[in-house]
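Encoded as structure tokens, the structure appears first; notes follow it.
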Amino acid sequence: MEEILLRAETRKGRGKGVARKLRRDGNIPAVLYGKDINSMAIAISAREWTVLTRHMRRNAILNMELHTSEGVEKRPVMIKDIQKDFLGNDTFHIDFLQVSMERTVEIEIPIHLTGVAKGTIDDGIVEQHLRTVRVECLPTQIPEKLEIDVTDLGIGDSFHVSDISLPGVKLLEGMDVAVVTVIPPEMKEKPVSVEEVEPEKKEE
701 MEEILLRAET RKGRGKGVAR KLRRDGNIPA VLYGKDINSM AIAISAREWT
751 VLTRHMRRNA ILNMELHTSE GVEKRPVMIK DIQKDFLGND TFHIDFLQVS
801 MERTVEIEIP IHLTGVAKGT IDDGIVEQHL RTVRVECLPT QIPEKLEIDV
851 TDLGIGDSFH VSDISLPGVK LLEGMDVAVV TVIPPEMKEK PVSVEEVEPE
901 KKEE
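Heads up: the sequence shown runs through residues 701 to 904, numbered per the numbering used here.
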């Protein structure tokens, strides 16, 4: 597993005023929490974060180099939540979860469809019901993504959660949940035109 180094340092104080000052100084306010640790306020360099996230895959395990008043510690962490501005450009706050490499974690894996469903030859429509799948596994076994080949799906066929094969990974979704279905063309919802809407009758 590739080691991704992330430098961070503990910070004093919380609140909007402290957060604004951190951002003015080129840092991002963050919090680190975990099962066996007390939540702590930290900060990371906004510049380093921008460079780091350009090629970082989803659900990556980061090796956080945490600078505290007692020295430097190495902690494996995952990103749990990122808050951005309303334009989605600047990162305002990050939640990090400290993990144990020997303890399972619950995460969501993105689903990517591959191939061309044979049902589309007869104008069938591929309808994807799940964009991610919830799983439980060790941090070292986290899949980057789940690829599902829809080539053999004809009209009326579905690929269910029970059809997923991920060794060493426990699926947390219902086994009967359909991930993707090829539906007949006539089942595609038609937009309702103004003429089709019956006017409401006024009471006399």
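Backbone N, C-alpha and C define an ideal beta-carbon position, used for all residues, glycine too. Keep in mind that this is a model prediction, so the values were computed, not measured.
Residue i - partner residues in DSSP beta bridges
{"i": "V826", "result": "V882"}
{"i": "D781", "result": "D795"}
{"i": "T832", "result": "P810"}
{"i": "G771", "result": "T768"}
{"i": "K870", "result": "E836"}
Option in the options with minimal Cα separation from residue i
{"i": "L830", "options": "M875, I821, D823 and V731", "result": "M875"}
{"i": "T804", "options": "E836, I704, H793 and I821", "result": "E836"}
{"i": "P839", "options": "R747, V718 and N763", "result": "N763"}
{"i": "V833", "options": "A741, G856, E765 and H860", "result": "H860"}
{"i": "I864", "options": "S745, R747 and P843", "result": "P843"}
{"i": "D785", "options": "V718, V880, A878 and R723", "result": "R723"}
{"i": "P776", "options": "D725, D790, V826 and N759", "result": "N759"}
Between the CA atoms of residue j and residue i - distance to the nearest angstrom
{"i": "E773", "j": "K845", "result": "30 Å"}
{"i": "H793", "j": "L752", "result": "16 Å"}
{"i": "L853", "j": "K780", "result": "35 Å"}
{"i": "G717", "j": "T710", "result": "17 Å"}
{"i": "E827", "j": "E806", "result": "26 Å"}
{"i": "R754", "j": "S862", "result": "34 Å"}
{"i": "V882", "j": "M756", "result": "33 Å"}
Cutoff 7 Å; reference residue i; Cβ partners in own chain excluding five residues on either side
{"i": "K870", "result": "V835, E836 and C837"}
DSSP three-state assignment for residue i, whether helix, strand or coil
{"i": "K735", "result": "coil"}
{"i": "R707", "result": "strand"}
{"i": "S858", "result": "strand"}
Same chain only: Cβ atoms within 6 Å of residue i, ignoring 5 sequence neighbours per side
{"i": "T814", "result": "E847 and D849"}
Own chain partners of residue i with C-beta closer than 8 Å, once the 5 adjacent residues on each side are dropped
{"i": "S739", "result": "V731, L732 and Y733"}
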